[in-house]
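Numbering (our numbering), first residue to last: 151 to 532. First up is the structure itself, then whatever we jot down about it.
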C-alpha cells in the first residue's frame with residue numbers, strides 16, 4: 151500500500167525537480183501562440199537563452215525532447231554523402247551515431263568503454279590520417295556514465311584540421327558545467343528543458359554560429375518539423391513554425407528569470423559543491439565512483455559486489471522516497487546514478503546519501519552507517 155505521508159525526493163538525472171514558482175507558471179491560462187503576448191515571451195526567453203549559452207548567435211526553442219534538438223542538428227547542417235566523427239562515451243554518444251546512421255551519414259566512431267572520457271590524442275590521430283569529415287559530434291557530459299569531456303579541447307583539435315564543425319550535446323551539462331559557446335568557438339550546442347533548466351520535459355534548444363546557419367540554408371537532408379529555416383523565418387516575426395508547448399514556455403520564462411537573478415557563475419559553483427559532497431559521501435561508505443573524469447551534474451557509483459543495483463533503486467524509492475537512477479543498457483544493475491543539478495540543494499544530497507546508506511545496510515552491505523552523511527556535512531560545513 152502506498153504511504154500517503156512519504157515525501158518523494160527526485161534525484162534522477164532528468165527529469166529533475168521543479169520549483170513551486172515554475173509549477174504555478176504552468177497553471178496560467180493558455181494564450182494563442184500567434185499573438186503579441188506570446189511573441190514578447192518567446193523573444194525574451196530567446197535572449198535569456200543566449201546568456202546561458204554564452205553566445206551572441208541564434209538560439210531556437212523547439213517543442214521536443216533533447217533528442218529532437220540532436221536530430222535537428224544533424225539534418226540542418228549535413229548533406230547527403232557527408233561524413234562525420236562520433237566521440238562515443240556512453241548511451242548518448244551512441245545516440246548521435248544512431249541518428250546519423252538513420253540519415254545515411256557515414257560515421258567514424260571513436261568509442262570508449264563506459265566510464266571513460268574522450269582522449270584528444272585519439273581524435274588527433276584520426277584526423278592526421280584523414281580530415282575529410284564535415285562534423286564532429288560529442289557529449290559535454292555523458293549522462294549515462296557521469297563523465298565530462300573536454301569540448302574546448304575537442305574544438306581546438308578540430309581547428310587544426312580545417313576547422314571541422316563541432317556539435318555538442320549539452321543536454322545535461324548546460325547550467326551545471328562551465329560552457330562558453332562563442333569563446334570556445336563551438337559550432338552547434340543543443341540542450342533540453344528537464345535537467346539544469348529546472349522545468350518539466352518538453353522543450354529543447356539549439357544554438358548555431360553564423361557559419362552553421364549558412365550550412366542550414368544549403369543542407370539537403372530530409373526535414374520538416376525540425377527545419378531551422380522554418381524556425382528562423384518564423385522567429386523573425388516572433389513566432390514558432392508549429393504550435394509550441396505554450397505553458398512550458400511560460401515555465402521557461404520563470405526559470406530563466408530565476409537563473410538570471412541568481413547568476414550562472416553562482417550556479418556553476420553551487421553544483422560543483424553539491425557534486426563534491428556527493429562524491430565524498432559515496433567514498434566514505436566504501437563505494438567506488440564509476441566515471442574516470444566525473445562531471446558536476448551526475449555522480450555514477452559502482453554497485454558493490456553481492457548487491458543487486460536494481461534493488462538499490464527500487465528500495466530507495468519504496469522505503470525512503472528517494473528516487474535515483476540505475477545504469478542503462480549493459481550497466482543496468484551495475485551502477486546507480488545520483489543527480490545534483492537543477493532545483494536541488496544541500497539537503498537533497500544529505501537525504502540522498504542517507505537513503506543510500508539505509509538501503510545498502512538493509513541489503514547486507516557491511517560498512518559503518520552514518521559515515522557518508524557525516525562526510526557530506528563536513529563538505530558543506532567546510
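Note that the Cβ used here is the ideal one computed from N, Cα and C, for glycine as well. Given the structure is predicted, the values throughout are model-derived calculations rather than measurements.
Backbone CA spacing between residue i and residue j [nearest angstrom]
i, j, result
"residue 187", "residue 414", "27 Å"
"residue 313", "residue 461", "48 Å"
"residue 378", "residue 226", "7 Å"
"residue 455", "residue 213", "43 Å"
"residue 254", "residue 219", "18 Å"
"residue 517", "residue 328", "36 Å"
"residue 318", "residue 506", "33 Å"
"residue 371", "residue 203", "26 Å"
"residue 334", "residue 305", "7 Å"
"residue 276", "residue 256", "15 Å"
"residue 259", "residue 252", "15 Å"
"residue 510", "residue 308", "45 Å"
"residue 192", "residue 359", "20 Å"
"residue 490", "residue 416", "14 Å"
Reference residue i, options the options, closest by Cα
i, options, result
"residue 200", "472, 340, 367", "340"
"residue 161", "344, 253, 458, 365", "344"
"residue 211", "327, 270, 347, 272", "347"
"residue 424", "257, 492, 334", "492"
"residue 185", "277, 390, 484", "390"
"residue 376", "359, 270, 224", "224"
"residue 310", "296, 527, 283, 324", "283"
"residue 303", "325, 369, 330", "330"
"residue 407", "360, 175, 152", "175"
Beta-carbon proximity of residue i to residue j, cut-off 9 Å
i, j, result
"residue 100", "residue 393", "In the structure as shown, the chain starts at 151 and stops at 532, and residue 100 therefore has no counterpart that could be examined."
"residue 321", "residue 288", "no"
"residue 300", "residue 268", "yes"
"residue 420", "residue 448", "no"
"residue 285", "residue 232", "yes"
"residue 273", "residue 235", "yes"
"residue 381", "residue 349", "no"
"residue 244", "residue 217", "no"
"residue 503", "residue 453", "no"
"residue 323", "residue 445", "yes"
Cβ shell of residue i (< 7 Å), same chain only, five flanking positions each side left out
i, result
"residue 481", "264"
"residue 530", "427, 496"
"residue 241", "294, 478, 479"
"residue 215", "342, 351, 354"
"residue 158", "471, 473"
"residue 498", "159, 161"
"residue 440", "265, 295, 296, 450, 451, 452, 485"
"residue 501", "159, 472"
Beta-carbon contacts of residue i that lie in its chain and below 6 Å, excluding the five residues immediately before and after
i, result
"residue 430", "525, 529"
"residue 434", "521, 522, 525"
Cut-off 8 Å between Cβ atoms - residues of its own chain near residue i, not counting five sequence neighbours on either side
i, result
"residue 396", "180, 181, 183, 188"
"residue 366", "226, 227, 358, 378, 379, 382"
Enumerate, from N- to C-terminal direction, the unbroken alpha helix (DSSP H) stretches of 4 or more residues contained entirely within the segment 445 to 500. 459 to 470
Only counting runs of 4 or more residues, tell me where the alpha helix (DSSP H) segments fall wholly within the segment 265 to 353, in order along the chain. 270 to 279, 301 to 309
Tell me the start and end of each unbroken alpha helix (DSSP H) in the segment 359 to 407 that is at least 4 residues and wholly inside, in chain order. 360 to 368, 378 to 385
Counting only runs of 3+ residues fully inside the segment 208 to 262, write out the beta strand (DSSP E) ranges in chain order. 208 to 213, 233 to 238, 256 to 261
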